[in-house]
Amino acid sequence: MMPLRVIPWGTGAVGTEILATILDHRPDLEVVGVRVYSEAKNGTDAGTLVDRAPIGVTATTDTHEILALDADCVLYTPRIVDLDEVCAILASGKNLVTTAFLFHPDRQPAEVRRRLDEACREGRSTVHGGGLNPGNLSGVLPLALSGMSRTIDKITLQERADWSVYDSTAITFDNMSFGRPVDEISPTATDFLAFNSGIFSEEVWLLAEALHAGIDEVTASVEAVPAQQDHEIFDHILRAGTTAGQRWNWVGRRHGQPLIEIETLWTVGNEYPSHWPSPRHGWTLTIEGDPSMQAHFIALASFSRAASMAEHVNAANIATGMQVLNAVPAVCAAEPGFATMATLPLIRSAVGFGN
Ligand SMILES: NC(=O)c1ccc[n+]([C@@H]2O[C@H](COP(=O)([O-])OP(=O)(O)OC[C@H]3O[C@@H](n4cnc5c(N)ncnc54)[C@H](OP(=O)(O)O)[C@@H]3O)[C@@H](O)[C@H]2O)c1
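Going left to right, the sequence shown walks through residues 2 to 356 as this note's numbering numbers them.
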């Protein structure tokens, strides 16, 4: 079978894991282009970008150059999404998987949905958003566990994470507003916070619709907590008094009754507020119902060998990237339009033990 031709779009923490995995493990995929943002990477061979031998494909900052390529799928992992760009990719006949958004495109604002729909129809292409969370843990895993449920009363996913060791600091500080005054944090305070809040709301809707919850609203709220002292986070100083904790809650309700909730307990600087709930670090999924079930998830570089903190942190980037990379064949085979974690077949490791 001919390899599927793919284009990694963005080579940050997640994108480089995707690119390196394709080169190392996926003869069924062929890299035909790479889209980068930084001038320093422009013109660099794709292999060189991930410390592999050159492959004869040059990374480019030129969107038009990439759009003109013939390819089956774009792996879209930029820091900031651009809807015009995404629609152009889809309209050019390329499928698109992304870790950044579109976890439930049906729940996008009507105009966004219309544009995506039109682009997919024009290009006969499919779009899919996935990852770790949003993604597997708030979509695939609850749906998989629900296969053991007779009835469900409530689903809660809690994510507890300290971002101090996450080296995508542009996301931590620029996008997520850590280090900003606490009164500047709200679900609508900045375009990015609104965007980010929207993707978790989409996940709540996804579960609600897949599991017949009949909810009538999803609300978003956030409590921002100030740092007690200064913290040095890579090349940033997070000042005492500025935002060092964000507790977000996205709640889907039917007639006022909370049925599905995603809660994130995020800190930078590791000062954990004593009044917050204290689940274990990582992700805790609780399904109240018949039967009631609970699963705790954590991703590390290894449970058996010694690994550095950087390797452990990177485990989440690998997991995020693999969820969409492993989905590429299914997304390419899907009907044109929106493919979600509820509509795609179960995504499993393409390589598995075949290392
Ligand atoms: N769903 C999930 O579970 C999950 C988990 C983690 C991250 N994410 C999302 O996945 C995406 C990638 O995350 P990451 O950790 O890889 O981020 P990152 O390490 O900060 O990488 C950022 C990427 O954005 C690119 N970039 C630089 N300037 C940009 C601009 N002005 N506009 C758009 N992109 C720009 C960078 O370009 P270069 O290629 O030139 O370096 C790089 O590819 C983000 O959208 C993030 O929110 C999702």
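Quick reminder that beta carbons are idealized off the backbone N, C-alpha and C, glycines included. Quick caveat: nothing in here was measured; it's all calculated off a predicted structure.
For residue i, is the beta carbon positioned less than 6 Å from some heavy atom of ligand 1?
{"i": "residue 80", "result": "yes"}
{"i": "residue 147", "result": "no"}
{"i": "residue 136", "result": "yes"}
{"i": "residue 84", "result": "no"}
{"i": "residue 77", "result": "no"}
{"i": "residue 169", "result": "yes"}
{"i": "residue 273", "result": "no"}
{"i": "residue 133", "result": "yes"}
{"i": "residue 61", "result": "no"}
{"i": "residue 202", "result": "no"}
{"i": "residue 180", "result": "no"}
{"i": "residue 321", "result": "yes"}
{"i": "residue 39", "result": "yes"}
{"i": "residue 48", "result": "no"}
{"i": "residue 95", "result": "no"}
{"i": "residue 299", "result": "no"}
{"i": "residue 44", "result": "no"}
{"i": "residue 64", "result": "no"}
{"i": "residue 261", "result": "no"}
{"i": "residue 15", "result": "yes"}
{"i": "residue 285", "result": "no"}
{"i": "residue 189", "result": "no"}
{"i": "residue 12", "result": "yes"}
{"i": "residue 316", "result": "no"}
{"i": "residue 22", "result": "no"}
{"i": "residue 241", "result": "no"}
{"i": "residue 172", "result": "yes"}
{"i": "residue 100", "result": "yes"}
Sort out for me which residues DSSP pairs residue i with in a bridge.
{"i": "residue 7", "result": "32 and 74"}
{"i": "residue 237", "result": "234"}
{"i": "residue 297", "result": "285"}
{"i": "residue 46", "result": "59"}
{"i": "residue 124", "result": "Beta-bridge pairing links residue 124 to no other residue."}
{"i": "residue 201", "result": "DSSP, once it has assigned bridges, lists no residue as partnering residue 201."}
{"i": "residue 179", "result": "Per DSSP, none; premise fails for residue 179."}
{"i": "residue 339", "result": "128"}
{"i": "residue 136", "result": "133"}
By the DSSP assignment, the beta strand (DSSP E) with residue i in it spans what residues?
{"i": "residue 284", "result": "283–291"}
{"i": "residue 154", "result": "152–163"}
{"i": "residue 108", "result": "That residue, residue 108, is in no beta strand (DSSP E); it is neither H nor E in DSSP."}
{"i": "residue 129", "result": "127–130"}
{"i": "residue 18", "result": "Residue 18 -> not in any beta strand (DSSP E); alpha helix (DSSP H) instead, spanning 14–26."}
{"i": "residue 98", "result": "96–99"}
{"i": "residue 262", "result": "258–268"}
{"i": "residue 250", "result": "244–255"}
By the DSSP assignment, the alpha helix (DSSP H) with residue i in it spans what residues?
{"i": "residue 51", "result": "From DSSP, residue 51 is part of no alpha helix (DSSP H); its letter is neither H nor E."}
{"i": "residue 227", "result": "From DSSP, residue 227 is part of no alpha helix (DSSP H) but of the beta strand (DSSP E) over 218–227."}
{"i": "residue 186", "result": "Here residue 186 belongs to no alpha helix (DSSP H), and DSSP marks it neither H nor E."}
{"i": "residue 313", "result": "310–326"}
{"i": "residue 65", "result": "64–68"}
{"i": "residue 144", "result": "142–147"}
{"i": "residue 91", "result": "84–92"}
{"i": "residue 354", "result": "That residue, residue 354, is in no alpha helix (DSSP H); it is neither H nor E in DSSP."}
{"i": "residue 332", "result": "329–334"}
So, under 8 Å CB-CB, residue i and residue j are touching, yes? Tell me the CB distance rounded to an integer number of Å.
{"i": "residue 325", "j": "residue 12", "result": "The Cβ separation is near 14 Å, so there is no contact."}
{"i": "residue 20", "j": "residue 28", "result": "15 Å between Cβ atoms; not a contact."}
{"i": "residue 52", "j": "residue 5", "result": "24 Å between Cβ atoms; not a contact."}
{"i": "residue 33", "j": "residue 321", "result": "Their Cβ separation, rounded to whole angstroms, is 23 Å, which puts residue 33 and residue 321 out of contact at 8 Å."}
{"i": "residue 373", "j": "residue 49", "result": "The chain is shown from 2 up to 356; residue 373 falls before or after that span and cannot be answered."}
{"i": "residue 120", "j": "residue 92", "result": "4 Å"}
{"i": "residue 218", "j": "residue 140", "result": "Rounded, the Cβ-Cβ distance is 20 Å, inconsistent with contact."}
{"i": "residue 288", "j": "residue 260", "result": "Actually they are not in contact, since the Cβ atoms of residue 288 and residue 260 sit about 11 Å apart, beyond 8 Å."}
When the cut-off is 7 Å and only beta carbons count, does residue i lie next to chain B?
{"i": "residue 263", "result": "Among the chains in the structure shown there is no chain B, since it carries only a single protein chain."}
For the structure I just gave you, are there three or more beta carbon pairs, one from the segment 191–202 and one from the segment 321–329, closer than 8 Å?
Contact fails: fewer than three Cβ-Cβ distances are below 8 Å.
On the three-pair Cβ rule with 8 Å, is the segment 247–267 touching the segment 155–164?
yes
Do the segment 38–47 and the segment 292–304 meet, that is, are 3 or more Cβ pairs less than 8 Å apart?
no
For the segment 151–158 against the segment 116–128, do three or more pairs of beta-carbon atoms, one drawn from each stretch, fall closer than 8 Å, so that the two count as touching?
no
Quick one: any contact between the segment 80–88 and the segment 52–61, if contact means 3 or more CB pairs under 8 Å?
no
At least three beta-carbon pairs within less than 8 Å, the segment 197–210 to the segment 95–112
yes
Contact between the segment 175–182 and the segment 234–242: three or more CB pairs below 8 Å?
yes
At least 3 beta-carbon pairs within less than 8 Å: the segment 276–294 vs the segment 139–151:
yes
Answer yes if the segment 136–143 comes into contact with the segment 221–229, meaning at least three C-beta pairs across the two stretches below 8 Å, and no otherwise.
no
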